[in-house]
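S.K.: Going letter by letter, the sequence shown gives residues 227 to 343 in this note's numbering.
Quick reminder that beta carbons are idealized off the backbone N, C-alpha and C, glycines included.
Below you will find the structure I want to go over with you.
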Amino acid sequence: QVQLVESGGGLVQAGESLRLSCAASGTFSNINDMGWYRQAPGKQRELVATIFIAGGSPNYADSVKGRFTITRDAAKNTAYLQMNSLKPEDTAVYYCNALTRDGPLGWGQGTQVTVSS
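Spelled out as structure tokens, the structure:
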């Protein structure tokens, strides 16, 4: 059974930092890339950042460029999202996904990030 497990969310004040982790487990084809997405109440899920497992330049949403950094540990099938200078508008449930040659692995349960002003 394939699982994606996100962790690291919490309640912080504006300007503070959080580091999210996403671990993929189970049986699946090699992961090509991993990404972080978020969904705020009443809004659609949106892409935050993606990264190729093999390396290369990550891709970021304009709203998080310069503040968030996505990294990965290919050996552990794990992706991280370092979030600095958090803003109230970053409040959302954060999800990760992983893409293999057979398609996406699906969604984890998400981790709540709440930023107070």
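Counting only runs that start and end within the region 244 to 299, where is the alpha helix (DSSP H) found for 4 or more residues in a row?
M.R.: The qualifying runs do not exist here; there are none.
S.K.: So what does asparagine 323 bridge to, in DSSP terms?
M.R.: Within the sequence shown, the letter at position 97 stands for residue 323. In DSSP, asparagine 323 forms a bridge with Gly261.
S.K.: Among the residues of its own chain, which have a CB less than 7 Å from the CB of lysine 313, if the five just before and after it don't count?
M.R.: Walking along the sequence shown from the start, residue 313 turns up at place 87. Ala240, Val341, listed in sequence order.
S.K.: If distances are taken between C-alpha atoms only, which option among Gly329, Pro330, Gln308, Thr326 comes closest to tyrosine 320?
M.R.: Residue mapping note: residue 320 aligns to position 94 of the sequence shown, counting from 1. Comparing Cα positions, the closest option is Gln308.
S.K.: What residue does the beta strand (DSSP E) around alanine 305 start on, and which one ends it?
M.R.: The residue labelled residue 305 in the question sits at position 79 within the sequence shown. Counting along the chain, the beta strand (DSSP E) containing alanine 305 begins and ends at 304 to 309.
S.K.: For valine 228, which residues of its own chain have a beta-carbon under 8 Å away from its beta-carbon, when the five flanking residues on both sides are left out?
M.R.: Residue mapping note: residue 228 aligns to position 2 of the sequence shown, counting from 1. Ala250, Ser251, Gly252, Thr253, Phe254, Leu331, Gly332.
S.K.: Would alanine 305 be called buried (16 or more neighbouring beta carbons within 10 Å of its own) or exposed?
M.R.: As a first step, residue 305 must be located in the sequence shown, where it is residue number 79. Buried, since its Cβ has 16 or more Cβ neighbours within 10 Å.
S.K.: Give the single residue among Ala318, Glu315, Ala300, Thr337 whose Cα lies nearest to the Cα of leucine 325.
M.R.: One-based indexing of the sequence shown puts residue 325 at position 99. Ranking Ala318, Glu315, Ala300, Thr337 by Cα distance to leucine 325 puts Ala300 first.
S.K.: Do the CB positions of aspartate 259 and isoleucine 277 come within less than 8 Å of each other?
M.R.: By one-based count along the sequence shown, residue 259 stands at place 33. By one-based count along the sequence shown, residue 277 stands at place 51. For aspartate 259 and isoleucine 277, yes; Cβs fall inside 8 Å.
S.K.: At the level of alpha carbons, what is the spacing between cysteine 322 and glutamate 272?
M.R.: Within the sequence shown, the letter at position 96 stands for residue 322. Within the sequence shown, the letter at position 46 stands for residue 272. Cysteine 322 and glutamate 272: Cα-Cα distance of roughly 11 Å.
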